[in-house]
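Inspection log for the structure reproduced underneath, given as structure tokens.
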Ligand code: HEM
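In the working numbering, the protein residues as written are 4 to 407.
Written out as structure tokens, the structure is:
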């Protein structure tokens, strides 16, 4: 008897894992089999927790017209697709839609990535963009407290030298004036709903928003024109050279007290110049895509080229999509336009600081165009030598000292 009891116990112990394995083997491969292929409770909970839900399983489930009951059947038929199936087809771009409107995107009734764009624009874009600009201002305030104003070491000579002629100053101020207007009106458009309506109300904000949009759209042309002018005038002075490495090695004279030699533009200014040209050019291109909706679709083509280079995903963005709807292109253009603008605004705030409050004698270069000779010798010694040599060769008998 005891032997039988032992045998039964042994079989039970063995049977438990075996049953579990069998159950595992029988477990449905598709977790949505239980719901007949529809969304599961886990999907819903994941979405509520803000986690990603793989929607691939729904993309194809858009109804089968062949499966529709004949309209002559009792109670008739609604067609081969239920309402949810129809909405799914619209959402995933599977529905066969015809429209008399011939504009791009006219047959796109539901755009799946629209929510993600809206949430990014209203969330991280505003929050991180705002913190970034405040961070730059805070950094400059601390830098000013620690470093103070960079003085002209030898004091003013009282003799000036022409640094920028009228056309250079005109181009600079056209660029600066238009950029500042574009920056302010762009920030009003992005932050206005949250940042202004609670204080000034809907009516006043509506007027300001309309004016901002008008200014932003039209002043953009002045910015693009000035960008081209500045590029043509200064590109020759901004070609990187070995001298730039020396300038960086000596901290540019901003950190510390030495003054590394420099020609018309030092390495720091070359960074400003190329940032303005490249980022300003990119902001202009994406701005044009927004100004002429659906006409300039650049992102899918860019992603295609990146995939050709072996880049299939980007940090903070994820896998690069293979196709983009016309609206998806516009949403990418808007996000890119805003993100790159934030970066350039940060750089320009630092530039404005160093060109005005941060350095004695710098503003004159763009104010009157004439800078003090000692300032010029400290910050652009090789350029002063070039100017003096050019004057001497133009008037061999004359004194090389610049006019007072
Ligand atoms: C009120 C604002 C601004 C002030 C006070 C200012 C001041 C200056 C000064 C003094 C210079 C000449 C520096 C030198 O002689 O070596 C300069 C150059 C320049 N500025 Fe501005 N600027 C302002 C806004 C802007 C804006 C908004 C942009 C572009 C969007 C810009 C782009 C440039 C560029 C590309 C240069 C040549 C490179 C350099 O010197 O850094 N500036 N600025």
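C-beta: ideal position from N, C-alpha, C; glycine also.
| Uninterrupted alpha helix (DSSP H) stretches inside the stretch 62-138 (no shorter than 4 residues) | 86-94 and 117-123
| Nearest neighbour of residue 292, chosen from 241, 223, 261 and 101 [CA to CA] | 223
| Quick one: what's got a C-beta closer than 8 Å to residue 159's C-beta in the same chain, skipping five residues either side? | 364, 375, 377 and 378
| request: Take residue 212 and list the residues in its own chain whose beta-carbon comes closer than 8 Å to its own, dropping the five residues that flank it on each side. | output: 191, 192 and 195
| Buried versus exposed, by CB contacts within 10 Å (16 or more), residue 333 | buried
| query | Quick one: complete beta strand (DSSP E) runs, 3+ long, within the stretch 186-256? | reply | none
| said: Quick check: does the Cβ of residue 183 come within less than 7 Å of any heavy atom belonging to the ligand FMN? | reply: In terms of ligand content, the structure shown lacks the ligand FMN and carries the ligand HEM instead.
| task | Kindly confirm or deny that the stretch 378-396 and the stretch 177-190 touch, where touching means at least three C-beta pairs closer than 8 Å. | result | no
| task | Can you check DSSP and say which residues form a bridge with residue 165? | result | 373
| query | What separation, rounded to the nearest whole angstrom, lies between the Cα atoms of residue 149 and residue 143? | reply | 10 Å
| Sorted by chain position, which residues of the same chain lie with C-beta nearer than 6 Å to residue 155's C-beta, five sequence neighbours on each side aside? | 363, 364, 377 and 378
| query | Does the distance from the CB of residue 270 to the CB of residue 251 come in under 8 Å? | reply | yes
| request: May I ask which residues mark the beginning and end of the alpha helix (DSSP H) holding residue 310? | output: 302-311
| field | residue 231 to residue 172 span [Cα, whole Å] | value | 14 Å
| said: Counting C-beta neighbours from all protein chains within 10 Å, is the total for residue 131 16 or more, i.e. buried, or is it exposed? | reply: exposed
| Cβ of residue 237 versus every heavy atom of the ligand HEM: is any distance shorter than 7 Å? | yes
| Can you tell me the Cα-Cα spacing of residue 28 and residue 41, whole angstroms? | The predicted model places residue 28 with a pLDDT of 47, which falls under 50 and marks its position as unreliable; any figure quoted below should be read in that light. Answer to the nearest angstrom: the Cα atoms are 23 Å apart.
| Local Cβ density within 10 Å of residue 125, reported as buried at 16 or more and exposed below that | exposed
| query | Under 8 Å, do residue 306 and residue 108 count as touching if we go by C-beta distance? | reply | no
| field | Residues sharing a beta bridge with residue 388, DSSP | value | The partner list for residue 388 (beta bridge, DSSP) is empty, contrary to what the question assumes.
| task | Return the first residue and the last residue of the alpha helix (DSSP H) that residue 296 is part of. | result | Counting along the chain, residue 296 falls outside any alpha helix (DSSP H), and DSSP gives it neither H nor E.
| said: Going by DSSP in three states, residue 322 sits in which element: helix, strand or coil? | reply: strand
| field | Inter-stretch contact (C-beta, 8 Å, three-pair minimum) for the stretch 273-287 and the stretch 346-354 | value | yes
| said: Between the alpha carbons of residue 115 and residue 93, how many angstroms are there, rounded? | reply: 9 Å
| said: Between the stretch 312-324 and the stretch 97-108, can you find at least three pairs of beta-carbon atoms closer than 8 Å? | reply: no
| said: If you reduce the DSSP assignment to three classes, tell me which class residue 395 lands in. | reply: helix
| query | Taking C-alpha atoms, which residue in 352, 360, 367 and 36 lies nearest to residue 183? | reply | 352
| Does DSSP classify residue 157 as helix, strand or coil? | coil
| task | Spatial neighbours of residue 253 within its chain, please: CB distance less than 6 Å, with the 5 preceding and 5 following residues excluded, ordered by chain position. | result | 261 and 263
| said: When you compare the CB positions of residue 237 and residue 202, do they come within less than 8 Å of one another, or not? | reply: no
| Local conformation of residue 54 per DSSP, three classes | coil
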